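*Asks:* In our numbering, the protein residues as written are 3 to 212.
This is how it looks when you write it as structure tokens:
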């Protein structure tokens, strides 16, 4: 029986648009943004930021060097937010309802710029931050590892007390879903940009009858 549900953030809770993010970084001067940005796993200073080995200010400074001009903190933040489409309130309402019957968590490869938005009242028209929708956020830059590293899953399970065999992991990244399955989680891989609510409810109903 499924007792806990772990949601990815970008691509599941909020749809992502890599092309829009590439254009946002190009506008602030990062000419090779297309080779530096990925939907699922970053590289270089982008990866260092999401792993927590580079601070937000350190990233801004490195980005400024790459752009050959001084890039402000707000410009950097807005470029990162270029990844995200408009928040779908139906998904947030679904997650809020799930908290009545399940433990709900978020496990995300992310960074302080994104979370400064997501964990603020400006996150959605409901004026509720992301952390109001779950028991706890597990964020790569705070933990020191990014998915699909097994260590980030180990940290989450040890800290929360969840049992992988009783936990549904929901992520749009094939590599992340693959490692979660190897670690004993039940998994669901909805495609970015799709409405996964009906399929998720079917999986939960099936779990309750097993």
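Quick reminder that beta carbons are idealized off the backbone N, C-alpha and C, glycines included.
This one's a predicted model, so the numbers in the text were calculated from it and none came from an experiment.
Could you check where the alpha helix (DSSP H) with residue 159 kicks off and where it finishes?
*Replies:* Locating residue 159 in the chain shown gives position 157, where the first residue counts as 1. Looking at the DSSP string, the run of the alpha helix (DSSP H) that includes residue 159 is 152-162.
*Asks:* Going by other Cβ atoms of all chains shown within 10 Å of its Cβ, with 16 needed for buried, is residue 103 buried or exposed?
*Replies:* Within the chain shown, numbered from 1, the residue matching residue 103 stands at position 101. With fewer than 16 other Cβ atoms within 10 Å, it is exposed.
*Asks:* Does the beta-carbon of residue 202 have 16 or more other beta-carbons within 10 angstroms, so that it is buried, or is it exposed?
*Replies:* Sequence index remark: in the chain shown, residue 202 carries index 200 (1-based). Flag for residue 202 reads buried.
*Asks:* Please list the terminal residues of the continuous beta strand (DSSP E) segment that includes residue 97.
*Replies:* Indexing the chain shown from 1 puts residue 97 at position 95. Unbroken run through residue 97 is the alpha helix (DSSP H), 91-100; no beta strand (DSSP E).
*Asks:* Would you kindly work out how many angstroms separate the C-alpha atoms of residue 36 and residue 24, rounded to a whole number?
*Replies:* The residue labelled residue 36 in the question sits at position 34 within the chain shown. The residue labelled residue 24 in the question sits at position 22 within the chain shown. Cα to Cα, residue 36 sits roughly 6 angstroms from residue 24.
*Asks:* Under three-state DSSP, which class holds residue 73?
*Replies:* As a position in the chain shown, residue 73 is number 71, starting the count at 1. Three-state result, residue 73: coil.
*Asks:* How many whole angstroms separate the CB atoms of residue 170 and residue 155, which I take to be in contact at a CB cut-off of 8 angstroms?
*Replies:* The residue given as residue 170 occupies position 168 in the chain shown. The residue given as residue 155 occupies position 153 in the chain shown. Not quite, the Cβ-Cβ distance comes to about 14 angstroms (not below 8 angstroms), so this is no contact.
*Asks:* Could you check the C-alpha separation between residue 48 and residue 38 for me, to the nearest Å?
*Replies:* Along the chain shown, read from residue 1 onward, the residue named residue 48 stands at position 46. Along the chain shown, read from residue 1 onward, the residue named residue 38 stands at position 36. C-alpha separation (whole angstroms): 8 angstroms.
*Asks:* Counting only the same chain and skipping the five closest in sequence on each side, list residues whose C-beta sits under 8 angstroms from that of residue 160.
*Replies:* Indexing the chain shown from 1 puts residue 160 at position 158. No residues qualify anywhere along the chain.
*Asks:* Quick check: the Cα distance between residue 11 and residue 108, rounded to an integer number of angstroms?
*Replies:* Working through the chain shown from its first residue, we reach residue 11 at position 9. Working through the chain shown from its first residue, we reach residue 108 at position 106. Those two C-alpha atoms are separated by around 7 angstroms.
*Asks:* According to DSSP, simplified to helix, strand and coil, what is residue 3?
*Replies:* The residue you call residue 3 lines up with position 1 of the chain shown. DSSP places residue 3 in coil when its eight states are reduced to three.
*Asks:* Taking the straight line between their C-alpha atoms, what separation do you get for residue 142 and residue 81?
*Replies:* Reading the chain shown from its first residue, position 140 is the one you call residue 142. Reading the chain shown from its first residue, position 79 is the one you call residue 81. If I take the Cα positions, the gap works out to 19 angstroms.
*Asks:* Give me the Cβ distance between residue 84 and residue 167, rounded to the nearest whole Å; I'm assuming they're in contact under 8 angstroms.
*Replies:* In the chain shown, counting from the first residue as 1, residue 84 sits at position 82. In the chain shown, counting from the first residue as 1, residue 167 sits at position 165. Not quite, the Cβ-Cβ distance comes to about 38 angstroms (not below 8 angstroms), so this is no contact.
*Asks:* Are the CB atoms of residue 16 and residue 173 nearer to each other than 8 angstroms?
*Replies:* Position 14 of the chain shown holds residue 16. Position 171 of the chain shown holds residue 173. Result no, Cβ atoms of residue 16 and residue 173 do not sit closer than 8 angstroms.
*Asks:* Given a cut-off of 8 angstroms on the beta-carbon distance, is the pair residue 152 and residue 185 in contact?
*Replies:* Position 150 of the chain shown holds residue 152. Position 183 of the chain shown holds residue 185. Against a cut-off of 8 angstroms, the Cβ pair of residue 185 and residue 152 comes out as a contact.
*Asks:* Note down the Cα distance separating residue 148 from residue 136, rounded to an integer number of angstroms.
*Replies:* By 1-based counting over the chain shown, the position of residue 148 is 146. By 1-based counting over the chain shown, the position of residue 136 is 134. Whole-angstrom Cα-Cα distance: 20 angstroms.
*Asks:* Along the chain, where does the beta strand (DSSP E) that runs through residue 189 open and close?
*Replies:* Numbered from 1 along the chain shown, position 187 holds the residue referred to as residue 189. Unbroken beta strand (DSSP E) run through residue 189: 188-190.
*Asks:* Going by CA-CA distance only, name the one from 53, 22, 8 that's closest to residue 146.
*Replies:* To locate residue 146, count along the chain shown from 1; it is residue 144. Residue 53 is the option with its Cα nearest to residue 146.
*Asks:* Buried or exposed: where does residue 77 fall if 16 or more other Cβ atoms within 10 Å of its Cβ makes it buried?
*Replies:* Within the chain shown, numbered from 1, the residue matching residue 77 stands at position 75. By the 10 Å Cβ count, residue 77 comes out buried.
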